Amino acid sequence: MTETLTIGKALNLGLRKAMEDDGKVVLMGEDIGKLGGVFRITDGLQKDFGEARVVDTPLAEAGILGTAVGLAMRGYRPVCEIQFDGFVYPAYNQIVTQVAKIHARSRGKLPMPIVIRIPFGGGIGAVEHHSESPEAYFAHTAGLKVVAVSSPADAYWGIQQAIASPDPVVFFEPKRRYWEKGEVDPDGAPDPLFGSRVVRGGDDVTVLAYGPMVKTALQAADAAAEEGRSLEVVDLRTLSPLDLGPVYESVRRTGRCVVVHEAPVTLGLGAEIAARVTENCFHSLEAPVLRVGGYDTPYPPSKLEEDYLPDLDRVLDAVDRAMGF
1 MTETLTIGKA LNLGLRKAME DDGKVVLMGE DIGKLGGVFR ITDGLQKDFG
51 EARVVDTPLA EAGILGTAVG LAMRGYRPVC EIQFDGFVYP AYNQIVTQVA
101 KIHARSRGKL PMPIVIRIPF GGGIGAVEHH SESPEAYFAH TAGLKVVAVS
151 SPADAYWGIQ QAIASPDPVV FFEPKRRYWE KGEVDPDGAP DPLFGSRVVR
201 GGDDVTVLAY GPMVKTALQA ADAAAEEGRS LEVVDLRTLS PLDLGPVYES
251 VRRTGRCVVV HEAPVTLGLG AEIAARVTEN CFHSLEAPVL RVGGYDTPYP
301 PSKLEEDYLP DLDRVLDAVD RAMGF
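Quick look at the structure:
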């Protein structure tokens, strides 16, 4: 039986199910216990599972990840919450030099089943360090898997699949979409975690997005339809490894491709995706692969963030340019 859940509630229930199924799953983070996290994603879990399994940590991201490495070596499955995206950088050294490499360094003897949950992106009117999109740093790092969910169903199943994975997973959650609602079937069969999905069919332009930008892409498709244009929207869902098979299939049909993300365009995920689409679909392309993203500036004060974030108009402008070739 399906339920209508927000992304936040779906994550909460997914974490609860993972903890019920495996006593080695341990949650760690700042204010995740009694408070239930700043976004209340872990609400009620410490009360039900105890302080030994839902741990309120000091404000020390490097310490959280360092402790998680030790726990993973002892057979636990730590799930670390980074309170906001911009706070992950103190733990960056631990993530890229330890978490990402110990499995290879130990020749497979020491798996690192760690999940690093990061609320990411802007749109909530927050202060500095609270609205960033650092996904490219981690997608670039060999040894890490990177996921970005956009729907309650993917949130519910994805967090469980990430926790069950033998590899470290950086799990990005679109914070401004935490309250978006959708259908979840707890008894259903989930899609594979590391795979992209066509979420709206179309014939004229392929629009690729992930995380918070999936909704924006779908809104752009609705607006384009009023003008007689048919956009196909693909939710990438996973950023490392990229699943581009469905993307290539779509672009070979439409002949045009627009990639959308909140992160700055320069050296963002869109650059890698554009290169791969060009390499694999060159003879099918009717226009260059175009990118829509944030600007090459620090994330602005909240009263200016609507000018920074890619919106429906910027996506439609890229669609117009693609159709103009």
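Start counting the sequence shown at 1; every next residue gets the next number (the UniProt record's numbering). C-beta: ideal position from N, C-alpha, C; glycine also. Here the structure is a predicted model, which is why all the values come from computation and not from measurement.
DSSP three-state call for residue i: helix, strand or coil?
i	result
residue 206	strand
residue 278	helix
residue 149	coil
residue 56	strand
residue 293	strand
residue 120	strand
residue 140	coil
residue 28	strand
residue 262	strand
residue 40	coil
residue 169	strand
residue 174	strand
Tell me which residues share the same chain as residue i and place their Cβ nearer than 6 Å to its Cβ, disregarding the 5 neighbours each side in the sequence.
i	result
residue 5	152 and 184
residue 210	148 and 236
residue 36	42 and 43
residue 256	205, 286, 287 and 322
residue 171	115, 117, 147 and 162
Which same chain residues end up closer than 8 Å to residue i when comparing Cβ atoms and leaving out the 5 residues on each side of it in sequence?
i	result
residue 310	213, 216, 260, 261, 262, 292, 293 and 294
residue 51	33
Quick check on this structure: which residue in the options has the alpha carbon closest to the alpha carbon of residue i?
i	options	result
residue 189	154, 200 and 230	154
residue 254	70, 288 and 239	288
residue 25	70, 8, 38 and 163	163
residue 269	17, 76 and 139	139
residue 150	134, 120 and 127	120
residue 134	104, 89 and 283	89
residue 85	282, 173 and 198	173
residue 276	234, 244 and 56	244
residue 73	278, 266, 87 and 108	108
residue 136	266, 301, 297 and 300	266
residue 87	104, 302 and 59	59
residue 112	280, 122 and 80	80
Leaving out five residues before and five after residue i in sequence, what residues of the same chain have Cβ atoms less than 7 Å from its Cβ?
i	result
residue 201	232
residue 53	19, 26 and 27
residue 76	24 and 26
Checking 7 Å against the spacing of the C-beta atoms, do residue i and residue j come in under that value?
i	j	result
residue 39	residue 178	yes
residue 221	residue 316	no
residue 223	residue 312	yes
residue 114	residue 166	no
residue 33	residue 46	yes
residue 66	residue 101	no
residue 94	residue 62	yes
residue 251	residue 207	no
residue 11	residue 159	yes
residue 145	residue 240	yes
residue 282	residue 238	no
residue 319	residue 246	no
residue 306	residue 122	no
Output the boundary residues of the beta strand (DSSP E) element that contains residue i.
i	result
residue 65	No beta strand (DSSP E) contains residue 65, which is instead part of the alpha helix (DSSP H) from 61 to 73.
residue 242	Where residue 242 is concerned, there is no enclosing beta strand (DSSP E), given that its DSSP letter is neither H nor E.
residue 181	181 to 184
residue 2	From DSSP, residue 2 is part of no beta strand (DSSP E); its letter is neither H nor E.
residue 79	77 to 81
In the DSSP assignment, the alpha helix (DSSP H) including residue i goes from what residue to what residue?
i	result
residue 316	312 to 323
residue 249	245 to 254
residue 104	102 to 105
residue 231	From DSSP, residue 231 is part of no alpha helix (DSSP H) but of the beta strand (DSSP E) over 231 to 235.
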